[in-house]
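Residue numbers (my numbering): 4 to 164.
Everything below concerns the one structure shown next.
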């Protein structure tokens, strides 16, 4: 299979008119941007990307059970338990008993966890803002319109026919 980004520009232009070509170009661009943003980490942050994703989920969604975190991050509960254990041991999160289900625990982000999330987000936002300033106003408007669409693509499990 030939991917759109493996083709010369002229050939790529006609190919991207198809959904398959668009999918290939979007995949390539989004993955490269994700890798670049992931590299823009706060220098004091020793946590891995998975741990930061869990802290980010706790920051955005509030307290969650291990099962809810596992579902949100699309990993198995034993994997999430290991990640949560590391976060708790590092002082980034706390565990407490569930209010109504004694078999479960609820995970909360701590001030240290919030500080780590905020520092990394600020660094990444600053990098991306610098890059956006290099674009034309029209290009920034296209990205402004595309952002919610990309978010929806990332959250939807299957397209609705």
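All C-beta atoms, glycine included, are put in the ideal place defined by N, C-alpha and C.
Pairwise C-alpha distance: residue j and residue i
i, j, result
"residue 86", "residue 101", "19 Å"
"residue 127", "residue 44", "7 Å"
"residue 142", "residue 105", "52 Å"
"residue 36", "residue 88", "30 Å"
"residue 29", "residue 76", "22 Å"
"residue 46", "residue 38", "16 Å"
"residue 145", "residue 107", "45 Å"
"residue 137", "residue 80", "43 Å"
"residue 125", "residue 157", "22 Å"
"residue 33", "residue 121", "23 Å"
"residue 23", "residue 31", "12 Å"
"residue 154", "residue 93", "31 Å"
"residue 21", "residue 147", "23 Å"
"residue 65", "residue 82", "20 Å"
"residue 114", "residue 149", "33 Å"
"residue 67", "residue 129", "29 Å"
"residue 139", "residue 152", "20 Å"
"residue 84", "residue 48", "21 Å"
"residue 42", "residue 103", "41 Å"
Residues bridged to residue i (per DSSP)
i, result
"residue 96", "112"
"residue 67", "110"
Integer Cβ distance of residue i from residue j, believed to fall under 8 Å
i, j, result
"residue 110", "residue 69", "7 Å"
"residue 52", "residue 123", "Contact flag wrong, Cβ pair sits at about 10 Å."
"residue 61", "residue 112", "4 Å"
"residue 50", "residue 119", "6 Å"
Close-in-space but distant-in-sequence residues of the same chain around residue i (CB under 6 Å, 5 per side omitted)
i, result
"residue 116", "58, 95, 96"
"residue 63", "none"
7 Å Cβ shell around residue i - same chain, five flanking residues per side excluded
i, result
"residue 91", "97, 98"
"residue 135", "143"
Review point. Which runs of the alpha helix (DSSP H) fall wholly inside the stretch 41 to 87 and span at least 4 residues, in chain order?
Key: Counting whole runs of 4 or more residues, the stretch 41 to 87 contains the alpha helix (DSSP H) stretches 52 to 64, 69 to 76.
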